[in-house]
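Participant:
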Amino acid sequence: MKKITLIIACILFPYIYSSAQGGMWVPSMIGERIKDMKSKGSSLSADDIYNTKKPSYKDAVVIFGGGCTGGMISPDGLMLTNHHCGFSQLQKHSSVTHDYLKDGFWAKNRDEELPNPGLEAKFLIRMEDVTDKILAGTNGQNATDTERIKQDNIEKIIKESVEGTDYMAEVKPIYYSNQYYVYIYEVFKDVRIVGAPPSSIGKFGGETDNWMWPRHTGDFMYFRVYAGKDNKPAPYSKDNVPYRPKKYFNIATKGINEGDFTMIYGYPARTQQYLFSEGVDDILNYSNPAKIKLRTMRLEEIQKARKSDPAIRIAYAYKEANIANAWKKWQGESLGLHRLNTIDKKRAYEMSFNEWAQGKAEYKDVISDLKNQYDLIHDYALVRDYYNEAIRAIELIKAVELAGKWSSNTTDTVPAALTGFYKDYYPEIDIRIAKKVLAEYMNNVPKEFIPVEVNKNISDAGGVNKYIDSLFENSLFVSEENLKAGINKGYNFIEDPAVKLYSAFRDMYRNKVLNYLETYNANIESLQKVFVRGQQEYDAEKKTNRAFFPDANHTLRVAYGSVSGYSPEDGVWYVPVTTLEGIIAKDNPEDYDFNIPQKLRDVHSAADYGRWETNGTIPVCFLASNHTSGGNSGSPVLNGKGELIGLNFDRTWTSTMSDIEFDPSICRNIGLDIRYILFVTEKVCGAGYLINEMTLKK
Ligand code: ARG
Ligand code: ASP
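If you read the sequence shown in the working numbering, its first letter stands for residue 654, the second for the next number, and so on.
Listed below in structure tokens is the structure:
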């Protein structure tokens, strides 16, 4: 039976594969997609999207902070991104007397806007294919020399690219180092908070609704980019003025309909479309299940604890959100990979590729070589996951890690990194988690990766539970008070049992895992380089029409699709838009995550929607078939005229396999309708004055 399926899969494969689309396209090459974009309803030209000679939409898109995207929406530097992207900045400005997380924040004038040291907004000046320059002089060289020459070339290119400017440049490979691009950015360092809705809007639905549809989260926040008087980047100063961007987005107030063209312009961080089947097998059958199980253990304990004490809810809110976000993503990813049969499709493809490759010296061994490397890396990759998700998930271990060299070089104050840590730390939760995750590590990781002394300590203590009890009884890292007492008594911290546990695992990992991981990963990378090149040749020869876009690497990309519903499972159809009525239906004053502001209730009962009213209500979120990934949060969603129709913030959880395989019939991004953003800004938060700086288009 299996054989027959395989044969059928082989015959059908090119067709099946080519029917899948999606893609995160390189803006400087967008010309190749314009015809297809037009056929789907866009009227944009390549120059509208990316141009280095005159302003284009690329000048209105920024890298916001470390991992999000933002979009410029006014001539005065106003920028829109997600609430979850600005969350940590908002938290830093919050205290018990002014809790901006809970109540929201709105600067009534520009003097009230809140500066955020360390926060940057990066604008792309240009990108350029520099493959030839980077490979120059490498012909005929051995591997070590090639690497050295490439590094020298990269340094030279970076230097040349920014000479005489205050720009910043970086070189990044695409297609597994078959090609290289240089990216040149202008980096603004004075970025201030302008407005944020209360969490009961910005985080509405909490973890329950995260990654879900139907969705009603008002995940938006305004910032403003500031510059020196010359409109150039300048460090924070009271005298800085709003940055005048080369381009900003006009806002479409007409709204959207099912089937409308949508485009997302932003910075997706990482996808693995060309991953070898064994790599997918590792994720689906080993890594994800292990990581999910370990995080379930942690979440269960945190959730139990937070129900009993509101202080714990606050202390663990951010940690819980972080643990839960990836936990849910991995579950959806696994469901999606099963549903799409990604592994079988990849295996069938690799089999037929391998047949084709037999006459070709360059490609004939690549499949079997990849298979070998994956066999070799398997155990080490598993230990990596358990080490990160079990051992390093014990907060007591985290504390030792944060203390760093302090333990062996103790000063008379508690390390600064730890004071913040203890503010949100409850050892009674940690101890319960530690017992579970350590036991899980012991039961699943091959013996050789359990440090000998840890094994001995556990059996001396009479098992994991007793060992952990004594660890928490004897380690001074359980609280700031204990650390202080220890400092006063001249305690030798390097002998602390938590420090010893941490060092034992860290040394084991460094000595027995890391080297192998690095070697095999490097081997896989260089084989993938050959394999991706081969796939392009093979697909061209077989005329599969498969779209070869480079994997996301946190550089600017264009994705396009349309507003569309989908069937998440048999018998169910998701309509692509939600409305305020759904928020009112979910409203529950008893449940922190679903307790909307009274003002929103009042506006709803008075139907005081003003100019944002649409069919008697307010549209909130919408689904579209754009290929997005982590990092695309805060990305502008544009219509076919390049006007802003929404703000991207999520995907549905069962479409997160799109990082490995995108299927347009079931993969959906979730955007926030711009009209809901403007409605909340004006009618609920009383900040309609901000809308005056925007350009609204009917
Ligand atoms: N799921 C979205 C993303 O991956 C939103 C995350 C917001 N964080 C959260 N824990 N709810 O970033
Ligand atoms: N929520 C993600 C982000 O923060 C976006 C996604 O994974 O779809 O970038």
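Ideal Cβ positions, reconstructed from N, Cα and C, are used throughout, including at glycine.
As the structure is a computational prediction, the values presented were derived from the model and not from experiment.
Take the Cβ of Arg843 as the centre, count every other Cβ of all protein chains shown within 10 Å, and call the residue buried at 16 or more, exposed below.
Facilitator: Arg is not the amino acid found at residue 843; the sequence shown has Asp there. Label assigned to Asp843: buried.
Participant: Around the C-beta of Asn1127, are 16 or more other C-beta atoms found within 10 angstroms, so that it is buried, or is it exposed?
Facilitator: Result: exposed.
Participant: Report the start-end ranges of each beta strand (DSSP E) in the region 885-930 that is 3 residues or longer and not cut off at the edges.
Facilitator: Runs found: 914-919.
Participant: Label Thr1348 either buried or exposed according to how many other C-beta atoms from any shown protein chain fall within 10 Å of its C-beta, with 16 as the threshold for buried.
Facilitator: Thr1348 comes out exposed.
Participant: Could you pull the start and end residues of the beta strand (DSSP E) that Gln832 belongs to?
Facilitator: Segment 832-841, the beta strand (DSSP E) holding Gln832.
Participant: Do three or more CB pairs link the region 1276-1288 to the region 1322-1333 at distances below 8 angstroms?
Facilitator: Judged by Cβ distances under 8 angstroms, the region 1276-1288 makes contact with the region 1322-1333, as three or more pairs qualify.
Participant: Could you tell me whether the Cβ of Ile1323 comes closer than 8 angstroms to any Cβ of chain D?
Facilitator: Going by chain labels, chain D is absent from the structure shown, which holds only one protein chain.
Participant: To the nearest angstrom, how far is the alpha carbon of Lys825 from that of Lys1119?
Facilitator: Going by the C-alpha atoms only, they are around 49 angstroms apart.
Participant: Should Ile1302 be counted as a contact of the ligand ASP given a C-beta to heavy atom distance under 7 angstroms?
Facilitator: The residue you asked about is not Ile; residue 1302 is Phe in the sequence shown. Checking the Cβ of Phe1302 against the ligand ASP gives yes.
Participant: Helix, strand or coil, according to DSSP, for Thr1270 in the structure here?
Facilitator: Looking at Thr1270 - three-state DSSP - the assignment turns out to be strand.
Participant: Do Val1117 and Leu1091 have their beta-carbon atoms positioned less than 8 angstroms apart in this structure?
Facilitator: Yes, the pair counts as a contact, with Cβ atoms nearer than the cut-off.
Participant: For Gly724, write down the residues that DSSP places opposite it in a beta bridge.
Facilitator: Its beta-bridge partners are Val714, Leu733.
Participant: Could you name the residues that DSSP lists as bridge partners for Glu823?
Facilitator: Bridge partners of Glu823: Tyr836.
Participant: Determine the contact status of Ile945 and Trp980, defining contact as a CB-CB distance below 8 angstroms.
Facilitator: Closer than 8 angstroms, so yes.
Participant: Taking all protein chains shown into account, do 16 or more other C-beta atoms lie within 10 angstroms of the C-beta of Gln1011, making it buried, or fewer, making it exposed?
Facilitator: Exposed: under 16 other Cβ atoms inside 10 Å.
Participant: Would you call the region 1063-1083 in contact with the region 1135-1149, where contact means no fewer than 3 C-beta pairs closer than 8 angstroms?
Facilitator: Contact between the region 1063-1083 and the region 1135-1149 is present, because at least three Cβ pairs lie under 8 angstroms.
Participant: Assuming Tyr834 and Val783 are in contact, meaning their beta carbons sit under 8 angstroms apart, how far apart are those beta carbons, in whole angstroms?
Facilitator: Sure, about 7 angstroms apart at Cβ, within 8 angstroms.
Participant: Given 7 angstroms as the limit, tell me if Ser1286 has its C-beta closer than that to any heavy atom belonging to the ligand ARG.
Facilitator: Yes, the Cβ of Ser1286 comes within 7 angstroms of a heavy atom of the ligand ARG.
Participant: Among Phe1202, Pro963, Gly790, Tyr875, which residue has its Cα nearest to the Cα of Tyr1245?
Facilitator: When each option's Cα is compared against that of Tyr1245, the closest is Pro963.
Participant: Compare the beta carbon distance of Leu1180 and Asp1022 with 8 angstroms and say whether it is the shorter of the two.
Facilitator: Yes; because the gap between Cβ atoms is below 8 angstroms, this pair is in contact.
Participant: Inspect the beta-carbon positions of Gly723 and Ala774 and report whether they are closer than 8 angstroms.
Facilitator: Going by C-beta atoms, Gly723 is nearer than 8 angstroms to Ala774.
Participant: List the residues that DSSP assigns as beta-bridge partners of Trp759.
Facilitator: Paired residues: Gly848.
Participant: Between Leu1233 and Val1273, is the Cβ-Cβ spacing less than 8 angstroms?
Facilitator: Cβ atoms of Leu1233 and Val1273: closer than 8 angstroms.
Participant: Determine the burial state of Gln742: buried for a count of at least 16 other Cβ atoms within 10 Å of its Cβ, exposed for fewer.
Facilitator: Burial call: buried.
Participant: Could you have a look at Asp782 and say whether DSSP puts it in helix, strand or coil?
Facilitator: If DSSP states are grouped into helix, strand and coil, Asp782 belongs with the strands.
Participant: Is the separation between the beta-carbon of Lys900 and that of Tyr703 shorter than 8 angstroms?
Facilitator: Not closer than 8 angstroms, so no.
Participant: Among residues of its own chain, excluding the 5 on either side of Asn735, which ones have a beta-carbon nearer than 6 angstroms to its beta-carbon?
Facilitator: Answer for Asn735: Asp872, Ser1286, Gly1287, Phe1302, listed in chain order.
Participant: Note down the Cα distance separating Gly919 from Asp1312, rounded to an integer number of angstroms.
Facilitator: Looking at the two C-alpha atoms, the distance is approximately 15 angstroms.
Participant: Quick check on Phe1275: does DSSP put it in helix, strand or coil?
Facilitator: Phe1275 falls in the strand class under three-state DSSP.
Participant: I need the straight-line Cα distance from Gln674 to His1207, nearest angstrom please.
Facilitator: Gln674 and His1207: Cα-Cα distance of roughly 20 angstroms.
Participant: Can you check whether the CB of Asp1316 is closer than 8 angstroms to the CB of Tyr927?
Facilitator: No, the Cβ-Cβ distance between Tyr927 and Asp1316 is not below 8 angstroms.
Participant: Quick one: does the C-beta of Ser1282 sit closer than 7 angstroms to a heavy atom of the ligand ASP?
Facilitator: Ser1282: yes, Cβ under 7 angstroms from the ligand ASP.
Participant: Suppose only complete runs of 3+ residues qualify. What are the beta strand (DSSP E) ranges in the region 1005-1030, listed by chain order?
Facilitator: List check, beta strand (DSSP E) in window: nothing returned.
Participant: Can you name, in chain order, every residue of its own chain whose Cβ lies under 6 angstroms from the Cβ of Gln832, other than the five neighbours on each side?
Facilitator: If we look at Gln832 and ignore the five residues flanking it on each side, its Cβ neighbours are Thr784.
Participant: With a cut-off of 8 angstroms on the beta carbons, I'd call Thr1358 and Asn1292 a contact; round off their distance for me.
Facilitator: No information on residue 1358 is available, as it lies outside the stretch 654 to 1351 that the chain covers here.
Participant: Report whether the distance from the Cβ of Cys1274 to the nearest heavy atom of the ligand ASP is below 7 angstroms.
Facilitator: Not under cutoff, so the answer is no.
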